[in-house]
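Colleague:
Residue numbers (my numbering): 2 to 377.
#1: Return the residue from the list 351, 195 and 312 that minimises the CA-CA distance to residue 340.
#2: Would you decide whether residue 56 is buried or exposed? Buried here means 16 or more other CB atoms lie within 10 Å of its CB.
#3: With three or more C-beta pairs closer than 8 Å as the rule, is the region 198 to 218 touching the region 173 to 182?
#4: Alpha carbon to alpha carbon, how far is residue 83 from residue 1? Give it in angstroms, no decimals.
#5: For residue 325, I'd like the list of residues in its chain whose CB is within less than 8 Å of its CB, leaving aside the five on either flank, ordered along the chain.
#6: Helix, strand or coil, according to DSSP, for residue 50 in the structure here?
#7: Go to residue 170, then tell me how far its beta strand (DSSP E) extends in each direction, as first and last residue.
#8: Report yes if the C-beta distance between residue 39 and residue 48 is below 8 Å; otherwise report no.
#9: With a CB to CB cut of under 6 Å and the five nearest residues on each side skipped, what residues in its chain are close to residue 253?
#10: Would the beta-carbon of residue 309 fall within 8 Å of that of residue 152?
#11: For residue 275, which of helix, strand or coil comes out of DSSP?
#12: Residue 313 to residue 131, Cα distance in whole Å?
#13: Is it buried or exposed for residue 135, if we count other Cβ within 10 angstroms and need 16 for buried?
#14: Out of 191, 320 and 107, point me to the one whose CA is closest to residue 403's CA.
#15: Would the beta-carbon of residue 2 fall within 8 Å of that of residue 334?
#16: Name the DSSP bridge partner or partners of residue 42?
#17: For the alpha helix (DSSP H) holding residue 332, just list the boundary residues, first then last.
#18: Would you call residue 311 buried or exposed, if buried means 16 or more other Cβ atoms sit within 10 Å of its Cβ?
#19: Taking the beta carbon of residue 245 as the centre, do at least 16 other beta carbons fall within 10 Å, making it buried, or is it exposed?
#20: Out of 69, 30, 31 and 53, which one is the CA nearest neighbour of residue 7?
#21: Assign residue 185 to buried or exposed, taking buried as 16 or more other Cβ atoms, counted over all protein chains shown, within 10 Å of its Cβ.
#22: Whole angstroms is fine: what's the gap from residue 90's alpha carbon to residue 112's?
#23: Could you give the distance in angstroms between the alpha-carbon of residue 149 and the alpha-carbon of residue 181?
#24: Go ahead and pull the three-state DSSP assignment for residue 58.
#25: Note down, in chain order, each residue of its chain lying with its Cβ closer than 8 Å to the Cβ of residue 216, except the 5 sequence neighbours on either side.
#26: Going by DSSP, name the residue or residues bridged to residue 192.
#27: Determine the contact status of residue 155 and residue 190, defining contact as a CB-CB distance below 8 Å.
#28: My understanding is that residue 362 touches residue 115, with C-beta atoms under 8 Å, so please give their C-beta distance in whole angstroms.
#29: Does DSSP put residue 79 in a helix, a strand or coil?
#30: Could you have a look at residue 129 and say whether DSSP puts it in helix, strand or coil?
#31: Considering only residues of the same chain and omitting the five flanking positions on each side of residue 11, which have a CB-CB separation below 7 Å?
#32: When you compare only the Cα positions, how much space is there between residue 262 and residue 344?
#33: Just how far apart, CA to CA, sit residue 9 and residue 32?
#34: Considering only residues of the same chain and omitting the five flanking positions on each side of residue 370, which have a CB-CB separation below 8 Å?
#35: Expressed to the nearest angstrom, what Euclidean distance is found between the alpha-carbon atoms of residue 287 and residue 307?
#36: How would you label residue 129, buried or exposed, when you count the other beta carbons within 10 angstroms and need 16 or more for buried?
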């Protein structure tokens with residue numbers, strides 16, 4: 002069985018789908034592993050290091066040739082998909098809700114595609130949970146980006162010349178990214194508060210030393226899906242929450258928004274009026290900017306100055322911490338791929354009735370098989 006690690010081609014993508022550690026483990030499973038030249042350079046992994054781990058280094062023209070399994074971080078282009086052989090297995094963050102043409106191209110080429118962002122949040126799949134591993138790093142990095150743009154210190158500092166007050170940081174969304182942002186901001190000495198539509202998040206937020214800000218009513222008790230994601234709330238609830246948030250935001254120095262709904266445009270959390278109510282010098286980090294954004298005036302890939310308030314719209318935040326993001330992502334892929342390999346024959350043996358396989362399989366035998374995308 003031949004496994005190929007392709008170089009990422011999307012702008013601002015510095016991660017890589019395998020590390021020397023996972024290359025060794027894939028070889029131990031009986032696979033031949035090939036890495037495209039320069040695939041790991043942006044994640045500080047030179048070709049020589051992959052070669053020492055046992056991988057072959059191939060040019061871009063050869064990386065898909067005869068590959069039985071192709072590991073990617075992000076979705077490949079249509080031209081790249083056309084280089085894959087019929088029956089090849091493609092595994093990566095394939096963004097099926099957004100990249101419908103790539104999905105169709107996989108089916109047309111006869112490629113079997115698995116999308117890692119669809120891994121179900123069940124106990125058995127925790128080590129495969131890419132969204133959590135990458136969101137964790139995104140939350141950490143978001144705080145560092147905010148501190149970098151903020152013109153003051155984060156902790157309270159007492160000096161002979163006077164006392165510097167702590168920065169006030171408000172985290173919107175207490176999922177994996179939000180909780181890590183809270184923990185990081187607290188470590189930096191900031192005064193932290195947070196909000197989420199899920200009442201269950203209150204205890205988690207408070208356990209990290211932050212204040213919880215939320216309109217609590219009957220609707221919030223059922224605001225979490227079985228998969229652990231936040232549900233979209235009613236218009237009435239949104240109005241009540243918006244009023245509370247508006248009063249909270251105007252007192253903050255830094256706001257970090259993290260709210261995403263799978264397969265949907267990101268919910269708008271911070272209006273233009275809220276932005277303009279903040280003090281000049283304040284900073285907003287919108288982690289949802291690639292899916293439409295949580296913040297009015299935010300622009301993907303840009304830092305917008307709105308009356309002295311900086312709105313940071315960096316895309317692909319995990320890629321800004323590419324070394325660790327690649328290491329975690331590569332382990333997620335290894336955990337996903339290992340059960341698909343037969344221990345005796347050392348070849349792929351996919352159990353199509355397995356719930357993880359069913360949840361992540363997009364295409365098979367020239368067809369789009371995932372029920373959510375069959376009308377794509």
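Even glycine gets a Cβ: it sits at the ideal position worked out from N, Cα and C.
Modeller: Taking the coordinates as given:
#1: The candidate whose alpha carbon is nearest that of residue 340 is 351.
#2: Answer is buried; the Cβ neighbour count reaches 16.
#3: The region 173 to 182 is in contact with the region 198 to 218.
#4: What the structure shows of the chain is the stretch from 2 to 377, and residue 1 is not part of that stretch, so it cannot be assessed.
#5: So the qualifying residues of the chain are 138.
#6: In this structure, residue 50 counts as helix in the three-state DSSP scheme.
#7: In the DSSP assignment, residue 170 falls within the beta strand (DSSP E) that extends over 169 to 173.
#8: Contact: yes.
#9: 169 and 171, listed in sequence order.
#10: No, the pair does not count as a contact, with Cβ atoms beyond the cut-off.
#11: Here residue 275 carries a helix assignment [DSSP, helix/strand/coil].
#12: Their backbone Cα atoms lie some 24 Å apart in a straight line.
#13: With 16 or more other CB atoms across the displayed protein chains lying within 10 angstroms of its CB, residue 135 is buried.
#14: Residue numbering for the chain in the displayed model covers 2 to 377; residue 403 lies beyond these limits and cannot be assessed.
#15: Not in contact: residue 2 and residue 334 (Cβ atoms no closer than 8 Å).
#16: DSSP lists no partner for residue 42.
#17: If you look at residue 332, you'll find it in the alpha helix (DSSP H) that goes 323 to 338.
#18: Buried: at least 16 other Cβ atoms inside 10 Å.
#19: Exposed, by the Cβ-count rule.
#20: Nearest option by C-alpha distance: 69.
#21: Buried is the call here.
#22: Within the model, the alpha-carbon separation for residue 90 versus residue 112 is close to 6 Å.
#23: So the two alpha carbons sit approximately 17 Å from each other.
#24: DSSP places residue 58 within a strand segment (E or B) once states are collapsed to three.
#25: Short of 8 Å from the beta carbon of residue 216, and not among the five residues preceding or following it, lie these beta carbons of its own chain, in chain order: 238, 241, 242 and 245.
#26: Beta-bridge analysis with DSSP links residue 192 to 169.
#27: Yes, the pair counts as a contact, with Cβ atoms nearer than the cut-off.
#28: The pair is a contact, with the Cβ atoms about 6 Å apart (cut-off 8 Å).
#29: Helix at residue 79.
#30: Residue state, collapsed to three classes: helix.
#31: 75.
#32: The straight-line gap from Cα to Cα measures roughly 38 Å.
#33: Just so you know, the alpha carbons of residue 9 and residue 32 end up roughly 22 Å apart.
#34: The residues 362, 363 and 364, in chain order, have a CB closer than 8 Å to that of residue 370 in the same chain once the five nearest residues on each side in sequence are set aside.
#35: Our two residues, residue 287 and residue 307, have alpha carbons roughly 14 Å apart in a direct line.
#36: Counting of Cβ neighbours within 10 angstroms places residue 129 among the buried residues, the total reaching 16 or more.
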